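The block underneath contains the structure these notes are about, expressed in structure tokens.
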Amino acid sequence: MTLFGNSGSSFGSSNSNNTKEHTVQEVPADTVSRLQFTGANSQNGQFLAATSWANDVRIWQVATQNSGGSSFGNSGNFQMATQAKAMKNHEGPALDCCWTGDNTKLFSVGADKKGMLWGSRSR
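Using the UniProt record's numbering, the first residue of the sequence shown is number 1, and each one after it goes up by one.
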């Protein structure tokens with residue numbers, strides 16, 4: 001597994017807008033095939049996983065804040081910040097992923113006909 005992103009406590013990217021579009025740092029070099037957030041009941045924070053045609057699976061830690069209004073409505077100022085946490089590679093395009101029920105492990109599958117199970121907090 002490759003670690004990426006800085007090890008500091010500040011998040012790598014922050015974006016605040018009313019369009020609900022947010023940018024993450026250190027994105028895959030090719031098409032993203034799947035995005036998967038941990039469930040809302042995750043006790044270790046919110047994480048985002050992405051599989052891609054560049055053979056990799058990446059995890060970012062996500063922090064969100066809604067200052068007034070609803071994050072799903074037109075009012076308020078929704079902010080999201082991400083910090084890159086981990087990356088693993090398949091031997092072919094990574095096609096799909098899902099979190100385990102307790103949100104502590106991620107299972108990914110790829111065109112290499114392999115499945116990988118790994119912990120999201122691996123360092």
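All C-beta atoms, glycine included, are put in the ideal place defined by N, C-alpha and C. As the structure is a computational prediction, the values presented were derived from the model and not from experiment.
What did DSSP end up calling T82 once you bin it into helix, strand or coil?
-> strand
Cα separation between T38 and D56?
-> 18 Å
Give the secondary structure of Q25 by DSSP, where H, G and I count as helix, E and B as strand, and everything else as coil.
-> coil
Just tell me which of T64, D102, C97 has its CA closest to the CA of M87.
-> C97
Taking C-alpha atoms, which residue in V62, E91, G92 lies nearest to A84?
-> V62
With a CB to CB cut of under 7 Å and the five nearest residues on each side skipped, what residues in its chain are close to D112?
-> H90, E91, G92
So what does DSSP say about D112, is it helix, strand or coil?
-> coil
CB-CB under 7 Å to Q36, same chain, minus the five flanking residues each way: which ones, in chain order?
-> A49, C97, C98, W99
How would you write the range of the beta strand (DSSP E) that W53 sits in, first residue to last?
-> That residue, W53, is in no beta strand (DSSP E); it is neither H nor E in DSSP.
Please go through the same chain and pick out, in chain order, the residues whose beta-carbon is closer than 7 Å to the beta-carbon of G119, but skip the five residues on each side of it.
-> T104, K105
Identity of the residue in A94, D30, D102 nearest residue 174 by Cα = Because the chain in this structure spans residues 1 to 123, residue 174 falls outside the shown range and cannot be described.
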